[in-house]
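These notes are about the structure you will find just below.
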Amino acid sequence: MTRKIEVGIVGLGKFGLSLALTLSELGISVIGVDNSEARVKAAKPYISQVYQADGTDSKALEQLSFQDFNYVVVSTGDSMEASILVVLNLQEMGVDKIWVKAVSERHEKVLNRLGVDFVVFPEQFVAKQLAHRLAMPGMLEYLSMGDDVIIRERKVGDWKGKNLVELNLTNNYQVQVIAIRRKGEEKFSFVPNAAQILDEEDVLVLVGSREDLMRLPDSAS
Numbered sequence: 000m001t002r003k004i005e006v007g008i009v010g011l012g013k014f015g016l017s018l019a020l021t022l023s024e025l026g027i028s029v030i031g032v033d034n035s036e037a038r039v040k041a042a043k044p045y046i047s048q049v050y051q052a053d054g055t056d057s058k059a060l061e062q063l064s065f066q067d068f069n070y071v072v073v074s075t076g077d078s079m080e081a082s083i084l085v086v087l088n089l090q091e092m093g094v095d096k097i098w099v100k101a102v103s104e105r106h107e108k109v110l111n112r113l114g115v116d117f118v119v120f121p122e123q124f125v126a127k128q129l130a131h132r133l134a135m136p137g138m139l140e141y142l143s144m145g146d147d148v149i150i151r152e153r154k155v156g157d158w159k160g161k162n163l164v165e166l167n168l169t170n171n172y173q174v175q176v177i178a179i180r181r182k183g184e185e186k187f188s189f190v191p192n193a194a195q196i197l198d199e200e201d202v203l204v205l206v207g208s209r210e211d212l213m214r215l216p217d218s219a220s
């Protein structure tokens, strides 16, 4: 049986509200709090449980059972001080996993020293995504995983007539095919059949380091 996930979000500005909406669409239970009456009112049509409360008040969070949630995300606008205070309160409450939106590199450094489980710096992350997309046509996603891990599309092109076993991309280029979109189809097929012959109009989705993906030959046929 799948474990039910409950997420608390402190701060319902642009980032916090967008996160709450996406989690709700994925079927995850979300409880949001914000000290702004206007932001709480704006969130109510989309989040089943939203409350006007001061996120820096540990008693308010305890009353809403934040200590029992699987994750708590802290997104308190541009206030570094408020964010740190919320984190300290959540840690004292025994919250299992704390994720925080950083507002500056200094803020990010402090959060890491506090032992926060995950720190996101949205502006920096988006900037990296955009830079990599500009530098590498066909890139779908940049993944920050220590190394520059990238997901990229490539048309089969001159690899036509071969299958994935024959191409042996893992050993030849240290990249992995994670999906294929066949000619004439709109959706990708994941866990592709490695023995199926490829058409030059098929599209492969590859994952690997930026350096390894850059070494791939062009797909021209």
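Residue numbers (numbering that gives the first Met the number 0): 0 to 220. C-beta: ideal position from N, C-alpha, C; glycine also.
query	result
My output table needs one value for LEU20: the three-state DSSP class, helix, strand or coil.	helix
Quick one: what's ILE46 bridged to in DSSP?	According to DSSP, which records beta bridges pairwise, ILE46 is partnered with nothing at all.
Here's the rule I'm using: 16 or more other beta-carbon atoms within 10 Å means buried, otherwise exposed. How should ASP201 be labelled?	buried
Can you tell me which of VAL148, VAL32 and GLN195 puts its alpha carbon nearest to the alpha carbon of VAL73?	VAL32
Would GLY10 and LYS100 qualify as a contact pair, given that the criterion is a beta-carbon distance under 9 angstroms?	yes
State whether the segment 40–56 contacts the segment 78–94, with contact taken as three or more CB pairs (one from each stretch) at a distance under 8 angstroms.	yes
Quick check on LYS96: does DSSP put it in helix, strand or coil?	strand
Determine whether the beta carbon atoms of ALA37 and LEU16 lie at a separation below 9 angstroms.	no
Would you mind reading off the limits of the alpha helix (DSSP H) that contains ARG105?	104–112
Considering only the alpha carbon of each residue, which of TYR172, ARG209, ARG151 and VAL176 lies closest to ASN162?	VAL176
Check whether the Cβ atoms of ARG214 and TYR172 sit closer than 9 angstroms, and answer yes or no.	yes
Within the continuous beta strand (DSSP E) that includes SER28, where are the two ends?	28–33
If we count the other Cβ atoms within 10 Å of its Cβ and call it buried at 16 or more, is PRO191 buried or exposed?	buried
Could you compute how far the alpha carbon of VAL174 sits from the alpha carbon of SER35?	47 angstroms
Quick one: residues in its chain with C-beta nearer than 7 angstroms to the C-beta of GLN66, no 5 flanking neighbours on either side, listed in chain order?	MET92, GLY93 and VAL94
Would you kindly check if the distance between the Cβ of GLU107 and the Cβ of PHE117 is under 9 angstroms?	no
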